[in-house]
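Undergrad: All the letters of the sequence shown, read from the start, carry residue numbers 2 to 231 under our numbering.
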Amino acid sequence: MQQRQRIQGRSPRLPALWLGLCALFLGLASALANWDFELILQNAERRYGELGQAKQRIEAWDELIKASANLAERDMLTAVNSFFNRQLLFADDIRIWQQVDYWATPIEALVQGAGDCEDYSIAKYFTLRRLGIPSEKLRITYVKALRLNQAHMVLTYYSNPAAEPLVLDNLINEIRPASQRRDLLPVYAFNAEGLYLPGSQSKKSDAKRLSRWQDLLKKMRTEGFAIGDG
2 MQQRQRIQGR SPRLPALWLG LCALFLGLAS ALANWDFELI LQNAERRYGE
52 LGQAKQRIEA WDELIKASAN LAERDMLTAV NSFFNRQLLF ADDIRIWQQV
102 DYWATPIEAL VQGAGDCEDY SIAKYFTLRR LGIPSEKLRI TYVKALRLNQ
152 AHMVLTYYSN PAAEPLVLDN LINEIRPASQ RRDLLPVYAF NAEGLYLPGS
202 QSKKSDAKRL SRWQDLLKKM RTEGFAIGDG
């Protein structure tokens, strides 16, 4: 069990995280359009061939969105966090993509049935945004996992700007307030509005458009998702 947690906590090096997070979630301040999963599946089959169990994972994602549309936000968090923690196994980018740092779309992660902590956070973020949770309530947070002595990434949710954030993590299924996650040391966080430092509710700087984020959006459009530039 200890070894499994050690593997699951591993994430890209700090420089790669910094470059990635500088662009993360810029351009999704507006609501996401409806997603045509029939088209998305057709595009996935053209790219990957017979999907097998991956088709079931993608269809389950569609069902999750439909079933969660009328839930309270807190219940949406639980449903989405549990879904991706259950559907994806943790694996490093080197193992999956033969790259040091690769940003997988939710479809790519579901086809593989695996992803790193960054991929979990991206998939959860897009799903919650699709369900209508505004970007200002969600932040991708870079942390240090103290017990593992490793860089890690989680999704945090703020019910209001002054609220204590809730932590959605691939290491554990339970969503806990940040004060109960003493094993995580926050370093900084991003959302569509910009960069935030620990303990601050004010934006410290604007995020910059970088190619990695634009490439992710481009891949998702190719997959059939209706996503704007920002």
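Heads up, the beta-carbon is just placed ideally off N, CA and C, and yes, glycines get one too.
Predicted, not measured: the structure shown is a model, and the values here were computed from it.
Can you tell me whether residue 138 is buried or exposed, with buried defined as 16 or more other CB within 10 angstroms of its CB?
TA: It is buried - the Cβ of residue 138 has at least 16 other Cβ atoms within 10 Å.
Undergrad: Quick one: grab the DSSP three-state call for residue 141.
TA: DSSP places residue 141 in strand when its eight states are reduced to three.
Undergrad: Could you round the C-beta distance between residue 88 and residue 48 to whole angstroms and report it? I think they count as a contact, below 8 angstroms.
TA: Their Cβ separation, rounded to whole angstroms, is 19 angstroms, which puts residue 88 and residue 48 out of contact at 8 angstroms.
Undergrad: Would you kindly work out how many angstroms separate the C-alpha atoms of residue 189 and residue 151, rounded to a whole number?
TA: For residue 189 and residue 151, the distance between alpha carbons rounds to 15 angstroms.
Undergrad: Between residue 224 and residue 35, is the Cβ-Cβ spacing less than 9 angstroms?
TA: Contact flag unset, no.
Undergrad: My understanding is that residue 108 touches residue 176, with C-beta atoms under 8 angstroms, so please give their C-beta distance in whole angstroms.
TA: That pair is no contact at about 24 angstroms.
Undergrad: Using a Cβ distance threshold of 8 angstroms, determine whether the region 111-121 contacts the region 54-69, with at least three qualifying pairs required.
TA: In short, these stretches touch, since the Cβ pair count reaches three.
Undergrad: Determine the burial state of residue 8: buried for a count of at least 16 other Cβ atoms within 10 Å of its Cβ, exposed for fewer.
TA: Here the model assigns residue 8 a pLDDT of 42, short of 50, so the residue's position is not dependable and the matter cannot be decided.
Undergrad: Thinking C-beta only, is residue 128 closer than 9 angstroms to residue 168?
TA: Contact: no.
Undergrad: Under three-state DSSP, which class holds residue 196?
TA: Strand.
Undergrad: Taking residue 197 and residue 131 to be in contact with their CB atoms under 8 angstroms, please state how far apart those CB atoms are, rounded to whole angstroms.
TA: Actually they do not touch by this definition, with Cβ atoms about 23 angstroms apart.
Undergrad: Any chance you could list the alpha helix (DSSP H) runs of at least 4 consecutive residues sitting entirely within the region 56-102, in chain order?
TA: Counting only runs of 4 or more, we get 74-88, 94-98.
Undergrad: Helix, strand or coil, according to DSSP, for residue 183 in the structure here?
TA: Note: residue 183 maps to coil in three-state DSSP.
Undergrad: Based on the DSSP secondary-structure assignment, which residues constitute the bridge partners of residue 189?
TA: Note: residue 189 sits in a beta bridge opposite 143.
Undergrad: Output the boundary residues of the beta strand (DSSP E) element that contains residue 167.
TA: Unbroken beta strand (DSSP E) run through residue 167: 167-169.
Undergrad: Give me the Cα-Cα distance between residue 187 and residue 117, rounded to the nearest whole angstrom.
TA: Approximately 18 angstroms between the Cα atoms of the pair.
Undergrad: Look at the Cβ atom of residue 184, then the Cβ atom of residue 146, and state whether they are nearer than 9 angstroms.
TA: Yes, these two residues count as a Cβ contact at 9 angstroms.
Undergrad: Give me the Cα-Cα distance between residue 180 and residue 165, rounded to the nearest whole angstrom.
TA: Their backbone Cα atoms lie some 8 angstroms apart in a straight line.
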